[in-house]
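Every letter in the sequence shown is one number past the one before it in our numbering, and letter 18, counting from 1, is 35. Data block below; observations after.
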Amino acid sequence: MEKLAERMSDIMRQKKISAAELARRIGTDRSTIGHYLRGDYLPKYDKIQKIANSLGVSVSYITGMTDDPAPTGDPGLDGFLDRFIRSTQPGSFG
């Protein structure tokens with residue numbers, strides 16, 4: 018999920034959103050956002066959804082599954098992404 022950290026960082030820079038502000042928006046602390054940005058930990062799916070929503074992009078974009086940042090609102094895609102991300106998270110930190 019290297020793409021997640023890269024895209025989070027890029028979007029935060031473009032929208033001038035600090036780690037502290039993103040943490041406030043999604044209900045976590047700044048140090049956790051730092052871990053996500055460095056790729057130390059992979060957020061759980063619910064946090065990925067909150068991050069994507071807070072940054073105004075789709076889950077599929079922020080995780081690197083598409084290059085289209087527009088939120089899809091497709092519950093089928095959300096279910097697929099949920100199963101995919103959960104299957105890749107043995108050491109997640111949420």
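Cβ coordinates follow ideal geometry from the N, Cα and C atoms, glycine included. Every value quoted in this text rests on a predicted model; they were computed, and no experiment measured them.
In chain order, what residues of the same chain lie with their CB nearer than 6 Å to the CB of residue 24, ignoring the 5 residues before and after it?
By one-based count along the sequence shown, residue 24 stands at place 7. For residue 24, where only same-chain residues beyond five positions count, the Cβ hits under 6 Å are 79.
Would you list, in sequence order, the uninterrupted alpha helix (DSSP H) runs of no fewer than 4 residues that lie entirely inside the region 51–96?
62–72 and 76–79
Is the region 41–54 close to the region 67–78, with three or more CB pairs under 8 Å?
yes
Taking the alpha helix (DSSP H) that residue 26 belongs to, which residues open and close that run?
Along the sequence shown, one-based indexing puts residue 26 at 9. It spans 19–32 - the alpha helix (DSSP H) in which residue 26 sits, taken as one unbroken run.
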